[in-house]
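First up is the structure itself, then whatever we jot down about it.
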Amino acid sequence: MLRSSLFRWGLTMAAVLLVVAPVASGCGSPVTSDESSASTTAGAAESGTVGEGFFGTSAVHEIAVTLSQDDYDAAMAAYTESGDKEWIKAIVTIDGETYENVGLRLKGNSSIMGLKEGGRGFTGDMGRGSQDEPQALPWLIDLDKFVDRQNHEGIVELAVRSNVTETALNEAVSLALLAQAGIASQEAAYVRFSVNDSRPSLRLVIENPDDRWMAKNFSIKGALYKAESTGDYSYRGEEPESYDEVFDQEAGKTNADLVPLIQFLDFINNSDDATFEAELPERLDVEAFATYLAVQELIGNTDDIDGMGNNSYLYYDTEVERFTVVAWDHNLAFGMMGGAGMMGGAGGLGNQDWGGATGPDTRGFDGELPDGMQLPDGMPEDAQPPEGMEPEGMEPPTAGQFPGGGQTRGNAPRGMGGKSNILVERFMANPEWAQLYEDRLAELTTELYESGKAADILDGLVAILKAHAADLVDPSTVDEEASAISTYFATE
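Residue numbers 526 to 1017, in this note's numbering, belong to the letters of the sequence shown in order.
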């Protein structure tokens, strides 16, 4: 059931709509957009039932953002020139509730990399966001960045997700399945997202892991660390400064500093095999980690803890002094690696011989880049090009298509140009824990796929999009992208 390293093009993007509020005096002129807003009245009529809560599953919500053109241009220039993601003060209206002085900044790495090169990222129209289309870019909304304790229904931070698909069904289904498997996930909502009277865009908005999220899923007494795409799980010495571009503490800063994390990294990298086997269960929730790996396998997500983005959090329980791996970033789930122009690669679950030896480095295109392919500065030599940067003659498929034919859950690609992860390698090299992973994979296949639960989740989301977002994404596209996902549910 392990995944191969075949190249695979894209699937679906999801439903979030930001509706723009008028510009407040003193904020400057609003950002302009190429397309004027569709009727917000009609949009509101399709937003679902009021009063369900923002993360109610039967609604498509509305978020309205107003930006100053000068502030927006300055933020884009800062990112283009230095990679800094500067905060903008904005007015944000969520389902009719207006909040002023809200923090807004770009969020993501590979998803906005194209903004530096040619003004485009891989969000938006089948993966092509633009500086001219702020409603198509990935954002972090922080309601209390500038106003202490400002929140919407207790929600402080929202991540407006990027996706290479039009429905984002792949990420929405993935998050639901993580929760069904009993491990920490993020709640999600489809939203009508627009910026300064732009044409609304269907986006998926999810919880951003913060102190509130940590308290809800674990304990307010813990600490939460985010693995950065510029880092890995290597040990870099005892000095916290050595981890500035490697891990970022997102929550629980009054409960712990980086010392527990550094000690954990020292252990997983430098302990001998006997010590690792004896002490890992004291330092890591191994049951939850096996479940995490099994779910990532089921949903065909190769951009996980050992993917190019290093996508993961580590939660630290200060009372029992034990870590838990937390899943994050599923916009490339269900075989979308490659469709997003991102690079997974050797060293992941699909490329391991779980008897203990790392498998061969089997990247796409037989390990060679096609003639004429140019990669952005700083990208690994074994990487694949972002969408829109393919050499002449290479075209992505239309919505819902899967290249190669017959690729399903069991042989989803690991991707190209990714990373190995020492924790995954050593965990899976242990026969007992490798068997625990296999057992959880078999159990979850039955519980989520054979039971029809995953199909029911997908059908429910499809119904929401068809009922409340037909003006944003064509129902036939919804069907095509849902059908591509459903191929993963087939059991052998």
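C-beta: ideal position from N, C-alpha, C; glycine also.
Give the DSSP bridge partners of residue i, in chain order.
i      : result
Lys632 : Paired residues: none, contrary to the question.
Tyr604 : Partner(s): none; Tyr604 has no beta bridge.
Tyr840 : Leu749, Thr849
Leu809 : Phe848
Trp612 : Bridge partners of Trp612: none, in fact.
Ile731 : Ala684, Ala713
Phe718 : Ser726
His677 : Ile680
Leu665 : Arg630, Ala684
His586 : Val716
Val617 : Val590, Tyr624
Could you tell me whether the Cβ atoms of residue i and residue j are closer together than 8 Å?
i      : j       : result
Tyr624 : Leu668  : yes
Ala852 : Tyr817  : yes
Ala713 : Leu729  : yes
Phe743 : Asp842  : yes
Leu786 : Leu749  : no
Trp664 : Leu640  : no
Ala709 : Asn835  : no
Asn946 : Ser687  : no
Gly825 : Tyr1013 : yes
Ala799 : Asn733  : no
Arg965 : Ala815  : yes
Taking 8 Å as the CB-CB cut-off, is residue i touching chain C?
i      : result
Asn721 : Annotation note: the requested chain C is absent from the structure, which comprises a single protein chain.
Taking only the alpha-carbon atoms, compute the straight-line gap between residue i and residue j and give it to the nearest angstrom.
i       : j       : result
Pro725  : Asp999  : 14 Å
Glu766  : Ala858  : 33 Å
Ala704  : Thr970  : 15 Å
Tyr768  : Ser759  : 10 Å
Asp831  : Gly756  : 11 Å
Pro901  : Arg808  : The predicted position of Pro901 is uncertain, since its pLDDT is 38 and thus under 50; a value taken from the coordinates is nonetheless stated next. Their backbone Cα atoms lie some 39 Å apart in a straight line.
Asn695  : Leu783  : 33 Å
Glu763  : Phe772  : 14 Å
Glu770  : Lys991  : 42 Å
Gly884  : Ala600  : Any answer about Gly884 is weak, because its pLDDT of 32 lies below 50 and its placement is not dependable; what the coordinates show is given next. Approximately 43 Å between the Cα atoms of the pair.
Ser1001 : Glu972  : 29 Å
Glu1006 : Asp735  : 31 Å
Asn794  : Leu983  : 40 Å
Ala994  : Ala697  : 15 Å
Gly633  : Phe801  : 34 Å
Ala813  : Ser1011 : 25 Å
Ala954  : Ile666  : 41 Å
Gln711  : Val850  : 14 Å
Tyr597  : Phe671  : 17 Å
Ile616  : Arg737  : 22 Å
Met861  : Glu804  : 36 Å
Ile731  : Phe579  : 10 Å
Ser699  : Ala693  : 10 Å
Ala959  : Thr605  : 44 Å
Can you tell which of the options has the C-alpha that lies nearest to the C-alpha of residue i?
i      : options                         : result
Ala781 : Arg728, Arg847, Asp673, Tyr760  : Arg847
Asp996 : Glu691, Gly985, Gly707          : Glu691
Glu622 : Glu804, Gln675, Asp810, Tyr604  : Gln675
Ala980 : Glu678, Asn946, Asn688, Thr1016 : Thr1016
Asp657 : Leu823, Phe952, Val720, Arg686  : Val720
Asn626 : Lys632, Asp620, Trp612          : Trp612
Val716 : Arg965, Asn795, Glu587          : Glu587
Leu823 : Ala701, Glu957, Val987          : Ala701
Val590 : Asp828, Gln660, Gly747          : Gln660
Ala584 : Glu1005, Val987, Ile1010        : Val987
Phe789 : Ala799, Arg761, Lys778, Glu812  : Arg761
Ser754 : Lys614, Gly679, Met833, Gly608  : Met833
Val949 : Met861, Lys978, Asp829          : Asp829
Lys614 : Val820, Leu592, Phe580, Phe718  : Leu592
Ile619 : Asp722, Ala819, Phe718          : Phe718
Leu961 : Ala603, Lys978, Ala819          : Ala819
Run the CB neighbour count on residue i, radius 10 Å, all protein chains shown included, and call it buried at 16 or more, exposed below.
i       : result
Pro806  : exposed
Gly707  : exposed
Pro956  : exposed
Val1003 : buried
Val681  : buried
Ile745  : exposed
Ser976  : exposed
Val845  : exposed
Ser1008 : exposed
Asp797  : exposed
Ser837  : buried
Ser607  : exposed
Thr521  : For the chain, the structure presents residues 526 to 1017; residue 521 sits outside this window and is missing.
Glu678  : exposed
Ser561  : Low confidence applies here, because Ser561 scores a pLDDT of 36, under 50, leaving its location unreliable and the question unanswered by this model.
Asp609  : exposed
Ala967  : exposed
Asp854  : buried
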